[in-house]
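Everything on this sheet refers to the single structure shown next.
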Amino acid sequence: MNISYLKRLEKIDTSDISDAISSELRKISGDNKSRYSTVLAYLLYRVAKDKIKDLDSIELFENICDVDDSIKSELIYYFPEISPVLNRLKGYGFDAKNLLAYLLFNNDLEDVFQEASTPRGILKLAAKILDVQENDSVLELCSGKGNFFVELALLRENLKYTGVELNMVFNFIANIRASLLDRYISLVLNDAMLYKAEKKVDKLFANYPFMISIPDIEDIVKDFVDFPDNIKRVSSDWIFNLKLVEQMKLNGRAVAIMTNGTTWNSTDRKIREYFVENGLIEATVLLPAKLLPGTSIATTLVIFSHGNTNIKMIDAGENFTKDGRRTILSDNDISDIMELLQKNSNKSITISINEIAENDYIINASRYLEKAPEIKDGVELSSIVKSITRGAQVKASYLDENRASEPTSYRYIMISNISDGDIFFTDNQYLKDIQANIKKFCIRNNSIVLTKTGSPDFKSAVVKVAEGTEILATGNMFILEIDEIKANPYYLQALFDSELGRALFKSIYVGSVIPTISLEKLRKLEIPLPSFEEQNIIGEKYKEELERIADLKEKLSTSREKLKRIYNIKNNME
Numbered sequence: 136m137n138i139s140y141l142k143r144l145e146k147i148d149t150s151d152i153s154d155a156i157s158s159e160l161r162k163i164s165g166d167n168k169s170r171y172s173t174v175l176a177y178l179l180y181r182v183a184k185d186k187i188k189d190l191d192s193i194e195l196f197e198n199i200c201d202v203d204d205s206i207k208s209e210l211i212y213y214f215p216e217i218s219p220v221l222n223r224l225k226g227y228g229f230d231a232k233n234l235l236a237y238l239l240f241n242n243d244l245e246d247v248f249q250e251a252s253t254p255r256g257i258l259k260l261a262a263k264i265l266d267v268q269e270n271d272s273v274l275e276l277c278s279g280k281g282n283f284f285v286e287l288a289l290l291r292e293n294l295k296y297t298g299v300e301l302n303m304v305f306n307f308i309a310n311i312r313a314s315l316l317d318r319y320i321s322l323v324l325n326d327a328m329l330y331k332a333e334k335k336v337d338k339l340f341a342n343y344p345f346m347i348s349i350p351d352i353e354d355i356v357k358d359f360v361d362f363p364d365n366i367k368r369v370s371s372d373w374i375f376n377l378k379l380v381e382q383m384k385l386n387g388r389a390v391a392i393m394t395n396g397t398t399w400n401s402t403d404r405k406i407r408e409y410f411v412e413n414g415l416i417e418a419t420v421l422l423p424a425k426l427l428p429g430t431s432i433a434t435t436l437v438i439f440s441h442g443n444t445n446i447k448m449i450d451a452g453e454n455f456t457k458d459g460r461r462t463i464l465s466d467n468d469i470s471d472i473m474e475l476l477q478k479n480s481n482k483s484i485t486i487s488i489n490e491i492a493e494n495d496y497i498i499n500a501s502r503y504l505e506k507a508p509e510i511k512d513g514v515e516l517s518s519i520v521k522s523i524t525r526g527a528q529v530k531a532s533y534l535d536e537n538r539a540s541e542p543t544s545y546r547y548i549m550i551s552n553i554s555d556g557d558i559f560f561t562d563n564q565y566l567k568d569i570q571a572n573i574k575k576f577c578i579r580n581n582s583i584v585l586t587k588t589g590s591p592d593f594k595s596a597v598v599k600v601a602e603g604t605e606i607l608a609t610g611n612m613f614i615l616e617i618d619e620i621k622a623n624p625y626y627l628q629a630l631f632d633s634e635l636g637r638a639l640f641k642s643i644y645v646g647s648v649i650p651t652i653s654l655e656k657l658r659k660l661e662i663p664l665p666s667f668e669e670q671n672i673i674g675e676k677y678k679e680e681l682e683r684i685a686d687l688k689e690k691l692s693t694s695r696e697k698l699k700r701i702y703n704i705k706n707n708m709e
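In terms of the numbering used here, the sequence shown is residues 136 to 709.
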């Protein structure tokens, strides 16, 4: 099947076929509808192509003797159950060309929010980056229903593709689609974690499942040269990435889609070091949010190759197009991203391995593109605090069981209590006591609590702790115990709440969907520290405004209560 014919098929609107099959499949129970839709479309295609009149199993399956035995056995197995549906669908009169277009280009219409459905824009972008040439060998891990080899078939006649997929249903669907293309396509039913190609490959691609459990990391990494033996915990994304580079030729290239968190978290720092120091990462592309169907997990596209001394980092978070409620990569978006890969700009930057090493081997573009404001005569935050700790990670059930019904000397705060630079408690935030093992999370007077994540802005406040009381910090927050000999807490809070403070936090956070600050970056944050006299002036003015806000909130609360009672005037009038 030549490329020009495939491109004509690609343009055919097959929504009528999708609607008809979906409508008929509603009458069938079970979890095999994705498989049924492919089987029905394929059999209808062969009926139309081979001009079969009677849909009895003997004639029908004699005419499809050119397909693989495994495909034929599956078709025969499902035929009795779908035969009535097949007869009804034959009456729609769909022609062979439209059915072929449906099988190749619209196979996921009826289950677009299911697994194994990589968005078309990502496939196109990956194909552009890999630039597969005639006779290049291609390997895809977690190949799903075969969408990527269909994309490649639009670009190259002589394709040598191998796909590895563990799911039998997806692999069956991919086999049917592969049988329709005149390409060298080999589909392997196997675990991508365990598969190893006989020969190294020119081009590789993987959109693997995220955050899966890997019980036998040692067995998987044992054959890697110079792999650190002290890596005991690692995200599954990086294990899949290891499997890609393991099978990549010296002049080869690979593309993977991974979660943003694994590009910067502390858990994967050592394995990122392994990849960076061995020159295996060529570029990272921060992708738009909500690009993958059915999930809001933020993702990064990573390009692997050998011999890299720098890494190109791209922020493509705003390079997307809205198609109804969907977020997609249009052809123009893809062209813009490809252009960013070729130059430095406010959305793309080239970072040396040395600089990446100084930044905990973080390979997230936002870390390097957000530059900190220039601070004259600044100091590191760690130099003016006695300690920075995290809030207690206690279960809601603990708070419920220990909640006091009347005021006590023990209270707790959550992120929701931080508002407008101050702490606002509710009446039910008293505890019966605070267990000894979590007292270390209690806040000292005039400490600052700061949220670890921004949504989108980070929140902070100075906490006043009265003598004889204890306040437990809970949730995803930092507790900064200020050295009041060196800094005024309210000056620091005024700084954190300012435009400069927001810019400073923006320069150290990572992640586009959920911005997150690491403890190490917070310690090293450089801030302006004027004289104590100037700090006190700023701090006092900030406290005055906090008091005004508290008064206004009290008046607002009183007025709201009055609103609820106005209707009762009616009773007094009668």
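Ideal placement from N, C-alpha and C gives every residue a C-beta, glycine not left out.
Mind checking whether residue i and residue j have CB atoms under 8 Å apart?
i, j, result
"ASP317", "SER272", "no"
"ALA608", "ALA531", "no"
"TYR343", "ALA327", "yes"
"LEU234", "ALA309", "no"
"GLU300", "LEU322", "yes"
"LEU630", "ILE523", "no"
"GLU417", "ASN443", "yes"
"ILE617", "ILE519", "yes"
"ILE352", "VAL369", "yes"
"THR586", "LYS594", "yes"
"ARG546", "PHE560", "yes"
"VAL411", "ILE491", "yes"
"LEU615", "SER653", "no"
"ILE320", "ALA236", "no"
"PHE284", "TYR296", "yes"
"PHE375", "ALA391", "yes"
"GLN91", "ALA596", "In the structure as shown, the chain starts at 136 and stops at 709, and residue 91 therefore has no counterpart that could be examined."
"TYR644", "GLY674", "no"
"ALA601", "LYS567", "no"
"ASN671", "ASN703", "no"
"ILE498", "ILE446", "yes"
"LEU260", "LEU464", "yes"
"TYR409", "PHE439", "no"
Excluding the 5 residues preceding and the 5 following residue i in the sequence, name in chain order all residues of the same chain whose CB lies nearer than 7 Å to its CB.
i, result
"GLU159", "VAL220, ARG223 and LEU224"
"ALA500", "THR419, LEU421, MET448, ILE449 and ASP450"
"ILE130", "No statement about residue 130 is possible, as the shown extent of the chain runs from 136 to 709 and does not include it."
"ALA262", "GLU286, LEU287 and LEU290"
"ASN479", "THR485"
"ILE347", "SER371"
Please go through the same chain and pick out, in chain order, the residues whose beta-carbon is closer than 6 Å to the beta-carbon of residue i, but skip the five residues on each side of it.
i, result
"GLY610", "GLY526, MET549 and ILE550"
"TYR503", "MET448, ILE484 and ILE486"
Using 7 Å as the cut-off, classify the Cβ of residue i as near or not near the heavy atoms of the ligand SAM, replying yes or no.
i, result
"GLU602", "The ligand SAM is absent from the structure shown, which contains no ligand whatsoever."
Note down, in chain order, each residue of its chain lying with its Cβ closer than 8 Å to the Cβ of residue i, except the 5 sequence neighbours on either side.
i, result
"ASN467", "THR456"
"VAL267", "VAL273, LEU287, LEU290, ARG291, LEU294, ASP337 and LYS338"
"GLN382", "LEU274, LYS331, ALA332, LYS335, VAL336 and LEU339"
"GLY513", "GLU661, ILE662, PRO663 and LEU664"
"LEU258", "ASN282, PHE283 and GLU286"
"LEU691", "none"
According to DSSP, residue i sits in a beta bridge with which residue or residues?
i, result
"ASN137", "For ASN137, which the question treats as bridged, DSSP gives no partner whatsoever."
"GLU682", "Paired residues: none, contrary to the question."
"ASP458", "ARG461"
"LEU451", "Per the sequence shown, the amino acid found at residue 451 is Ala instead of Leu. ALA451 pairs with nothing; no bridge assigned."
"ASN445", "SER487"
"ASP513", "Inspection of the sequence shows that residue 513 is occupied by Gly rather than by Asp. Bridge partners of GLY513: PRO663."
"ALA527", "THR609"
"ASP557", "SER554"
"VAL285", "Per DSSP, none; premise fails for VAL285."
"THR543", "Its beta-bridge partners do not exist; DSSP assigns none."
"ARG538", "LEU566"
"LEU276", "VAL299 and ALA341"
"THR693", "BP columns for THR693 are empty, so no partner."
"THR435", "MET393 and LEU421"
"VAL520", "ILE617"
Give the C-beta separation of residue i and residue j to the nearest angstrom, bearing in mind that I take them to be a contact with Cβ-Cβ under 8 Å.
i, j, result
"GLY589", "PRO508", "Contact doesn't hold; Cβ gap of about 17 Å is too wide."
"LEU144", "LYS232", "7 Å"
"PHE196", "ILE211", "6 Å"
"CYS372", "THR394", "This sequence places Asp at residue 372; Cys is not what is there. Yes, they are in contact, since the Cβ atoms of ASP372 and THR394 sit about 6 Å apart, within 8 Å."
"GLY556", "LEU687", "Not a contact, Cβ separation roughly 13 Å."
"TYR227", "ALA155", "5 Å"
### Runs of alpha helix (DSSP H) lying entirely within the segment 585-663, each at least 4 residues, in chain order
Along the length of the segment 585-663, whole alpha helix (DSSP H) runs at least 4 residues long occupy 624-631, 634-643 and 654-659, reported in chain order.
#### Entry: Ordered list of alpha helix (DSSP H) runs contained in the segment 366-422, each at least 4 residues
Fully enclosed alpha helix (DSSP H) runs of 4 or longer: 371-381 and 404-412.
### Task
Please specify which runs of the alpha helix (DSSP H), each continuous and at least 4 residues long, are wholly inside the segment 201-274, giving them in chain order.
Within the segment 201-274, the complete alpha helix (DSSP H) runs of at least 4 residues are 204-225, 231-240 and 255-265.
#### Entry: Every unbroken alpha helix (DSSP H) within the segment 293-362, with a cutoff of 4 residues, ordered by chain
Look at the segment 293-362 and you find these whole runs of alpha helix (DSSP H), each 4 residues long or longer: 303-314 and 352-356.
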